[in-house]
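2 protein chains.
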Amino acid sequence: MGLLMQKNILFIMCDQLRFDYLSCYGHEHLHTPNVDALAAKGIRFNNAYAQSPICGPSRMSFYTGRYVRSHGSTWNCTPLRIGEPTLGDHLNAIGVRNVLLGKTHMRADREGMKRLGIDCESEIGLFNAECGFEVYERDDGLHPDAYQDACPRYNQYLNDNGFDGANPWQSWANSAKGESGELLSGWLMENADKPARIPDYYSETPYLTRRAMDFIDDANDTPWCLHLSYIKPHWPYMAPAPYHNMYNSTQVQAAIRSEEETQNTHPLLNAFMQHNYSQTCSRDDFRERVIPTYMGLIKQLDDQLGLLFAHLEKRGLNEDTMIVFTSDHGDYLGDHWLGDKELFHDAAVKIPLIIFDPSKDADGTRGHTSQQLVESIDLAPTFIEYMGGRIKKNVLEGHSLLPLLHGENKPLRRYAFSELDYASSYACIQLNMASTDARAVMVRDKQYKYIYVEGMRPLLFDLQQDPQELNDLGTSEKYQNICQRFEWAILKWSLKHHNRITLTDEQIETSRGNELDEGIFIGYWDQDEVNQAMSKAGKS
Amino acid sequence: MGLLMQKNILFIMCDQLRFDYLSCYGHEHLHTPNVDALAAKGIRFNNAYAQSPICGPSRMSFYTGRYVRSHGSTWNCTPLRIGEPTLGDHLNAIGVRNVLLGKTHMRADREGMKRLGIDCESEIGLFNAECGFEVYERDDGLHPDAYQDACPRYNQYLNDNGFDGANPWQSWANSAKGESGELLSGWLMENADKPARIPDYYSETPYLTRRAMDFIDDANDTPWCLHLSYIKPHWPYMAPAPYHNMYNSTQVQAAIRSEEETQNTHPLLNAFMQHNYSQTCSRDDFRERVIPTYMGLIKQLDDQLGLLFAHLEKRGLNEDTMIVFTSDHGDYLGDHWLGDKELFHDAAVKIPLIIFDPSKDADGTRGHTSQQLVESIDLAPTFIEYMGGRIKKNVLEGHSLLPLLHGENKPLRRYAFSELDYASSYACIQLNMASTDARAVMVRDKQYKYIYVEGMRPLLFDLQQDPQELNDLGTSEKYQNICQRFEWAILKWSLKHHNRITLTDEQIETSRGNELDEGIFIGYWDQDEVNQAMSKAGKS
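First to last, the sequence lines map onto chains D and F.
Read in the working numbering, the first sequence has 89 at position 89, and its numbers run on one by one without any break.
Just add 540 to the spot in the second sequence (first one is 1) and you have the working numbering.
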């Protein structure tokens, strides 16, 4: 399993970037030429889904290659159980560095580590506490003053450059200045149209981009997978000039929603519609004042990616570096009368995904778009195979996309899944749902999206007839057979042995009949029967 | 959570003991007065089920309090993933020793331990490698000559007592002598009616019983849970005199099977019926020659339990020691044309379960029998609660039986589950089933037992009309609604967050809304909205 040449992977993730806020995905006014250029030399996936529409669980699936129900970190800040195998475990095993720059949202299982006597400060302890990453720089992106543990290197960087204060992330990068010089908090959406107090150059996205260049320049000959995990365009929605007013309300896409959606609304949707952020994001002034800034933050990202890709080329790394561009989930932005993410409309759960494979084998697919159903857990096996490793099928639950990148077009899967555990959400209280039952599962095939909601009726959308997902067919008699088919699909999926990770299928198959070798004879009457069994099993 | 007095638990498990091979469970000819006496002062459960009808997975569920799909050790010798919380973790946390004497069938996850830098020989390493037990003496019971790692203390004991040879377990305890002095192997059923070469006193069951007395006498004031895990009546079916011929074929219960079962047989059952041990156990000479020895081994167990209970009483421990008697699964013994275990007829998956709680609170239920649906995962929480600990509901998936022992009779559950992963079995090959799909799930309620079989039609038995499970209703149109109800029950059960073990529901509920305290404001337009939310959440 040695490597034929030094390959690298640049694994770029944005935070809360909607798939359709890129020009290559069809946005009319938000032009992202650098992302588009990557799509032009790679494959752009039109049906890629996050394993959960929330940061933490979605990322844990990216970083383990396993479904949320498998790794068990079902909500933000739910520790990832110690021992859960990570992408880093798989890559390190074949001599590849798995490097973090930016956000993971990882919460370590300190109780479990203590139980196993693992020192959190030891090399192995840190590796596991950081979700299998070698930390070049971690920054989870949210550093309110009240956070005791908020001390990103970025704050030191800002201080060093004359932006003073205990928490310049808050007071400079995510605040604006009022007419009388007062601070206007980036946390408050009414301020979204103001420029951040710092110039573009010093803001988070350019800073992380330059840090990525630093890593690339510092890296030795060991192959690496650099997870460049940007913080934006996740809220606080505040951009530095000129991005804060680069777009105006006439360039904001129309909201995807209908009055009908507010009638006989499914109880789960209804509960989330009551959340303050859903109400706020449903307002017209949100669209006019906040979304242009969201667009500006994306434009800033695209500009920075242009610089980064140029740097890679200058270093001559563009011929052996796989480049992946994606997001952990989307952002409702008021669509369907909802805000933030958490539920299963495409606005929240579908992700942009572009993969550039520099190898000759991929020349036949450059610029292609794929309609295949892709899950975020497909990236880990793709990276491992690209780096020359063997994929542990029982542990890694996705499929390598390499064959597809190399021109094969067999269907990857019939169904894609995503999961929600909303026990931590106010909706759980509003619905008077027991914490242990506050769950939903999305499954989609080529045509339909079905959502199983524990203790409630299901939701069903026909994505061919109703691509905007405005018409819930879950209660329609006519679709009961369809619903039943999806129930079965979920049943078969959920019954898989998601936890049988200590033996591979291959190991199980080769060990069949070993008891004979070991002299364990189960239910033989006499020696003749034993001898027959031995020869039948090709032993003796 | 301190202990009011020193309590202990004697957790007795037999290996492959059928629930109905005890007189208190209705056997006509096999009298087990000592087990019956325990039932007379405790509660005897008539509907207790193993989480899997196979040693390893069933035991891992007993020892973790978690379903097989949760702990992931789905077949014998499938390592239990490192970090999986065990009964020992829960008991040690409240100052109770969790002591092993006998069999666990545990296979350590050495690869996972290595990945986490855990030295298998360290205290924590050994504790985890031994499934959370402090090993007083481990003996998994099968020590054929070919086993390189076969060196039980029992062999040394036999050598010390004049039974020579490298493996006296095989050559003395599990062999008989032929007319011309030759060894007759206990592995071969044709020899089952011969007496083992050693006297009763030196055979495995009395040996382990005396070792239990040794532990009880040696134990200090620390409360203990002693898992006395007998090896018998598991095959090899060979008993010492007088137990080898204490019963005759006229005292063997009639086989539970019908000719109809061999017509249009369900493919999964049919595949297992083809196994050599099913064919052997279906023969009349098996019933006549082997089952009487199986009965003798159980009689020997009962005699030894009499001595053990007397010893407890002599030590004055009978007033503060909870005594549990059970088995890891049953034995088909030719019923339904099957041998050994593995499938879901009561002969294999139902277990005997008797619990004696010495406390006054249990006086009202002494001698009762319970029809409640009990799962083997209920024992761990029962032990923890008996010992004064708090039950981590997310981690422990069963229910404490203490309320029931103390007279409450609320239904524990509507459905009981058991699981099978037969990827390691020849049936998987015969059925040409992919290893990853070789699974089945049993669910039963008060009246029915439904078996979901991946890729095949289901099985359904009406246990009220057909207690012998001879009439499969799985294909009958009339029962399609019943089948659908059970499919839903499996779906709801399998979708539970079996892996969300790093946070308790309580922790999740109390942390709701913490983001406000931390200064993370999600989707607020202005400070007024923030203030309103703060006061609404009782903060500020």
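In this text, a Cβ means the ideal position worked out from N, Cα and C, and glycines have one as well.
| task | Mark Gly-681(F) as exposed unless 16 or more other C-beta atoms lie within 10 angstroms of its C-beta, in which case mark it buried. | result | buried
| said: DSSP has Lys-539(D) in a bridge; who is on the other side? | reply: According to DSSP, which records beta bridges pairwise, Lys-539(D) is partnered with nothing at all.
| said: Distance cutoff 8 Å, beta carbons only. Does Pro-746(F) sit that close to anything in chain D? | reply: no
| request: Going by CA-CA distance only, name the one from Val-68(D), Val-453(D), Asp-505(D) and Arg-44(D) that's closest to Glu-487(D). | output: Val-453(D)
| request: Quick one: measure Cβ to Cβ for Arg-637(F) and Glu-670(F), integer angstroms, because I've assumed they're closer than 8 Å. | output: At roughly 13 Å, the Cβ-Cβ gap does not stay under 8 Å, so Arg-637(F) and Glu-670(F) are not in contact.
| field | Any 3 or more C-beta pairs closer than 8 Å across the segment 931 to 941 of chain F and the segment 882 to 890 of chain F | value | Under the Cβ criterion (8 Å, minimum of three pairs), the segment 931 to 941 of chain F does not count as touching the segment 882 to 890 of chain F.
| field | Chain-ordered neighbours of Asp-629(F) on chain D, where CB pairs are closer than 7 Å | value | Under the 7 Å cutoff, chain D gives Arg-115.
| 8 Å Cβ shell around Trp-493(D) - same chain, five flanking residues per side excluded | Tyr-415, Phe-417 and Val-443
| message | Quick check: the segment 763 to 770 of chain F against the segment 798 to 818 of chain F, are at least 3 beta-carbon pairs closer than 8 Å? | response | no
| Using a Cβ-Cβ distance under 8 Å, would Ile-622(F) count as near chain D? | yes
| message | Per DSSP, what are the beta-bridge partners of Lys-449(D) in this structure? | response | Lys-449(D) pairs with Arg-444(D) and Phe-461(D).
| request: Identify the continuous beta strand (DSSP E) that holds Glu-134(D) and give its terminal residues. | output: 134 to 138
| Per DSSP, Ser-229(D) is paired with what? | Met-13(D) and Gly-102(D)
| task | Reducing DSSP to helix, strand and coil, say where Pro-53(D) ends up. | result | Coil.
| message | Using 8 Å for Cβ pairs, my map puts Cys-14(D) next to Pro-233(D). What's the rounded Cβ distance? | response | 7 Å
| query | Counting pairs of beta carbons, one from the segment 961 to 968 of chain F and one from the segment 499 to 514 of chain D, are three or more of them closer than 8 Å? | reply | yes
| message | Taking a contact to mean a Cβ-Cβ separation below 8 Å, would you say Val-324(D) touches Ile-12(D) in this structure? | response | yes
| Three-state secondary structure (DSSP) of Val-349(D) | helix
| query | Going along the chain, which residues of the segment 676 to 702 of chain F sit with their C-beta nearer than 8 Å to a C-beta in chain D? | reply | Leu-682, Pro-684, Asp-685, Ala-686 and Tyr-687
| query | With respect to the beta strand (DSSP E) encompassing Lys-717(F), which residues constitute its N-terminal and C-terminal limits? | reply | 715 to 717
| Cβ of Ala-795(F) within 8 Å of any chain D Cβ | no
| message | At the level of alpha carbons, what is the spacing between His-244(D) and His-27(D)? | response | 18 Å
| Which bits of chain F does Met-288(D) rub up against, with CB to CB less than 7 Å? | Looking at the sequence shown, residue 288(D) is not Met but Glu. Ordered by position in chain F, no residue passes the 7 Å Cβ test against Glu-288(D), which lies about 12 Å from the chain.
| Nearest to Ser-229(D) by CA position, among Arg-138(D), Leu-188(D), Tyr-154(D) and Met-246(D), is which residue? | Arg-138(D)
| request: Name the two residues that bound the continuous alpha helix (DSSP H) containing Met-653(F). | output: 650 to 655 is the span of the alpha helix (DSSP H), which, as asked, contains Met-653(F).
| How would you call Leu-544(F), buried or exposed, if buried means at least 16 neighbouring beta carbons within 10 angstroms? | Confidence is the limiting factor: at Leu-544(F) the pLDDT is only 49, short of 50, which leaves the residue's position unreliable and the question unanswerable from this model.
| said: Under 8 Å, Cβ to Cβ, is there at least one residue of chain F near Arg-485(D)? | reply: no
| query | Would DSSP call Trp-709(F) helix, strand or coil? | reply | helix
| query | Along chain D, in chain order, which residues have C-beta atoms closer than 7 Å to that of Gln-1067(F)? | reply | Leu-188
| field | Interfacial residues, the segment 1046 to 1077 of chain F to chain D, with Cβ spacing under 8 Å | value | Taking 8 Å as the Cβ-Cβ cut-off against chain D, the residues of the segment 1046 to 1077 of chain F that qualify are Ile-1048, Glu-1049, Ser-1051, Arg-1052, Gly-1053, Asp-1057, Glu-1058, Gly-1059, Ile-1060, Phe-1061, Ile-1062, Gly-1063, Tyr-1064, Trp-1065, Asp-1066, Gln-1067, Glu-1069, Val-1070 and Ala-1073.
| said: Pairs of beta-carbons, one from the segment 896 to 914 of chain F and one from the segment 590 to 609 of chain F, closer than 8 Å: are there three or more? | reply: no
| request: Quick one: which residues of the segment 865 to 899 of chain F get their C-beta closer than 7 Å to a C-beta of chain D? List them in chain order. | output: Gly-879 and Asp-880
| Cβ of Cys-564(F) less than 8 Å from any chain D Cβ? | no
| task | Put Asp-20(D) into one of helix, strand or coil per three-state DSSP. | result | If DSSP states are grouped into helix, strand and coil, Asp-20(D) belongs with coil.
| task | Give the residues of chain F in contact with Gly-423(D), contact being defined as C-beta atoms less than 8 Å apart. | result | Position check: residue 423(D) holds Ala in this sequence, whereas Gly was assumed. Neighbours of Ala-423(D) across chain F, judged by C-beta separation under 8 Å: Asp-1045, Ile-1048 and Glu-1049.
| According to DSSP, which residues form a beta bridge with Phe-45(D)? | In DSSP, Phe-45(D) forms a bridge with Leu-353(D) and Ser-370(D).
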